[in-house]
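So the sequence lines, in the order shown, correspond to chains H and V.
For the first sequence, our numbering begins at 2 and goes up steadily by one.
For the second sequence, our numbering begins at 2 and goes up steadily by one.
Ideal Cβ positions, reconstructed from N, Cα and C, are used throughout, including at glycine.
These numbers were taken from a predicted model, which means no experiment stands behind them.
Here the structure is laid out as structure tokens; the discussion comes afterwards.
There are 2 protein chains.
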Amino acid sequence: MHEPSLPIGALARSVGCNVQTIRYYEQVGLLPPASRTAGAQRRYAEVHRQKLSFIRHARELGFSLPAIRELLALAEEGDSECTRADRIARHQLEAVRRRITLLERLRAELERMLEHRHGRRVRDCRVIATLADHGLCAEEHHEADAER
Amino acid sequence: MHEPSLPIGALARSVGCNVQTIRYYEQVGLLPPASRTAGAQRRYAEVHRQKLSFIRHARELGFSLPAIRELLALAEEGDSECTRADRIARHQLEAVRRRITLLERLRAELERMLEHRHGRRVRDCRVIATLADHGLCAEEHHEADAER
DNA sequence: TTAAAACCTGCAGTCACTGGAGCTTCAAGC
DNA sequence: GCTTGAAGCTCCAGTGACTGCAGGTTTTAA
Numbered sequence: 002m003h004e005p006s007l008p009i010g011a012l013a014r015s016v017g018c019n020v021q022t023i024r025y026y027e028q029v030g031l032l033p034p035a036s037r038t039a040g041a042q043r044r045y046a047e048v049h050r051q052k053l054s055f056i057r058h059a060r061e062l063g064f065s066l067p068a069i070r071e072l073l074a075l076a077e078e079g080d081s082e083c084t085r086a087d088r089i090a091r092h093q094l095e096a097v098r099r100r101i102t103l104l105e106r107l108r109a110e111l112e113r114m115l116e117h118r119h120g121r122r123v124r125d126c127r128v129i130a131t132l133a134d135h136g137l138c139a140e141e142h143h144e145a146d147a148e149r
Numbered sequence: 002m003h004e005p006s007l008p009i010g011a012l013a014r015s016v017g018c019n020v021q022t023i024r025y026y027e028q029v030g031l032l033p034p035a036s037r038t039a040g041a042q043r044r045y046a047e048v049h050r051q052k053l054s055f056i057r058h059a060r061e062l063g064f065s066l067p068a069i070r071e072l073l074a075l076a077e078e079g080d081s082e083c084t085r086a087d088r089i090a091r092h093q094l095e096a097v098r099r100r101i102t103l104l105e106r107l108r109a110e111l112e113r114m115l116e117h118r119h120g121r122r123v124r125d126c127r128v129i130a131t132l133a134d135h136g137l138c139a140e141e142h143h144e145a146d147a148e149r
């Protein structure tokens, strides 16, 4: 067996992240240490690629590193109940939904700002005015993000 | 005139942020320094409240601090052309739209993950499986966020 | 053998705050 | 005037998830 043969750069290219990120994941214990050549360079096996791919995919879905850590641990032991993983995913989904709602409001307001610009001088500028006077926006979006 | 009379805590409450944030804005030069009491406590005037409100509102809309700095400068001199402010807002709107598109995809995938869970053991868990195997997601959302 | 590309460690920086330690000042009640 | 507790002060470190750099070493192909 000569399995672990992927240098860090090739691994990075293969999952679409950069090398510092991989070293960072190793440092914080998300990714198990690679084996090393005589000259101390990292060489990765297929199992690393799979785990890293899992992590990156989860990151793209917006999971935090602590959440991913837990998901990885759950994935490891295939016997345990799925409910915990479900709960994490559901939590994430709710966060995503909240964020979308918020962003939709922002989009609406920005569009309104840009549509209604009638002045070409700042003093009549809707963009500035809207920002200056919170009362000008139709919906109130005060409630505080609470997220991120 | 006894204008500047608002202590930092009251100002914070009135715009819905916390006091450290206000001190931070002063530190990075977004908010002009408040006048001080004999005992060196900050006292704010109405103009500060307006400016801070502008900043917070812009932050809620997703503007970065550098962008806000520029918008504030523009708002200051009411004579200049509005186009710059427009460009900033338009740029921001595009970013918001991209973000929404991305998040909609994430939401769809998370929902799919959660709907199709048939196993109650991790080894059959759709959540874990989806994360482990990128091929399982219908749309591809690889292109790299590029945003935020 | 040589040269360039890729790798290594260690540390600092990013963004927009947030939190804490340890101290001082203010305002209200007595 | 005195006390007390809330609110303020400065300075510094930490957050999350990386990213970038300096200065050196290893690998690989020509």
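Which class does residue i belong to by DSSP, given the choice of helix, strand or coil?
i                 : result
Pro67 of chain H  : helix
Ser6 of chain V   : coil
Ala145 of chain V : Only weak support exists for where Ala145 of chain V lies, its pLDDT of 32 falling under 50; the value from the coordinates is given anyway. Here Ala145 of chain V sits in coil by DSSP.
Cys138 of chain H : Since pLDDT at Cys138 of chain H reaches only 48, below the 50 mark, its modelled position is unreliable, and the value read off the structure follows with that caveat. Coil.
Ile129 of chain V : helix
If we ignore side chains and look at the alpha-carbon of each, how far apart do residue i and residue j end up?
i                 : j                 : result
Arg24 of chain H  : Ser54 of chain V  : 42 Å
Glu82 of chain V  : Leu94 of chain H  : 43 Å
Val29 of chain H  : Arg113 of chain H : 45 Å
Pro5 of chain V   : Gly10 of chain H  : 58 Å
Leu104 of chain H : Leu7 of chain H   : 41 Å
Tyr26 of chain V  : Phe64 of chain V  : 15 Å
Glu140 of chain H : Arg14 of chain V  : Residue confidence for Glu140 of chain H is low, a pLDDT of 40 falling below 50, so the modelled location carries little weight; the figure read from the coordinates is stated next. If I take the Cα positions, the gap works out to 21 Å.
Ala86 of chain V  : Leu72 of chain V  : 6 Å
Arg98 of chain H  : Arg44 of chain H  : 40 Å
Ala35 of chain V  : Lys52 of chain V  : 12 Å
Cys126 of chain V : Ala96 of chain V  : 34 Å
Leu107 of chain V : Gln21 of chain V  : 34 Å
Pro33 of chain V  : Cys18 of chain H  : 41 Å
Ile129 of chain V : Ala109 of chain V : 16 Å
Arg88 of chain V  : Ala133 of chain H : 17 Å
Leu66 of chain H  : Leu111 of chain V : 17 Å
Thr131 of chain H : Leu115 of chain H : 10 Å
Ala68 of chain H  : Ala68 of chain V  : 32 Å
Leu62 of chain V  : Arg37 of chain H  : 48 Å
How would you call residue i, buried or exposed, if buried means at least 16 neighbouring beta carbons within 10 angstroms?
i                 : result
Gln42 of chain V  : exposed
His117 of chain V : exposed
Glu77 of chain V  : exposed
His92 of chain V  : exposed
Thr1 of chain V   : There is simply no residue 1 of chain V to check, as chain V begins at 2 and stops at 149 in what is shown.
Arg57 of chain V  : buried
Thr84 of chain V  : exposed
Val16 of chain H  : buried
Arg100 of chain V : buried
Ala1 of chain V   : Outside the modelled stretch of chain V, which goes from 2 to 149, sits residue 1 of chain V, for which no answer is possible.
Glu47 of chain H  : exposed
Ala39 of chain H  : exposed
Arg124 of chain H : exposed
Arg149 of chain H : Low local confidence applies: a pLDDT of 31 at Arg149 of chain H is under 50, so the model's placement there is unreliable, and no value is given.
If contacts are defined as beta-carbon pairs under 8 Å, then residue i and residue j qualify, I think. What distance do you get, rounded to the angstrom?
i                : j                : result
Leu12 of chain V : His49 of chain V : 7 Å
Leu31 of chain H : Arg70 of chain H : 6 Å
With a threshold of 6 Å, establish whether the CB of residue i neighbours any heavy atom of the ligand PLP.
i                : result
Val16 of chain V : In the structure on display, the ligand PLP does not appear, and there are no ligands present to speak of.
What alpha helix (DSSP H) runs, 4 residues minimum, are completely inside the stretch 9 to 96 of chain H? 9 to 16, 20 to 28, 47 to 61, 66 to 77
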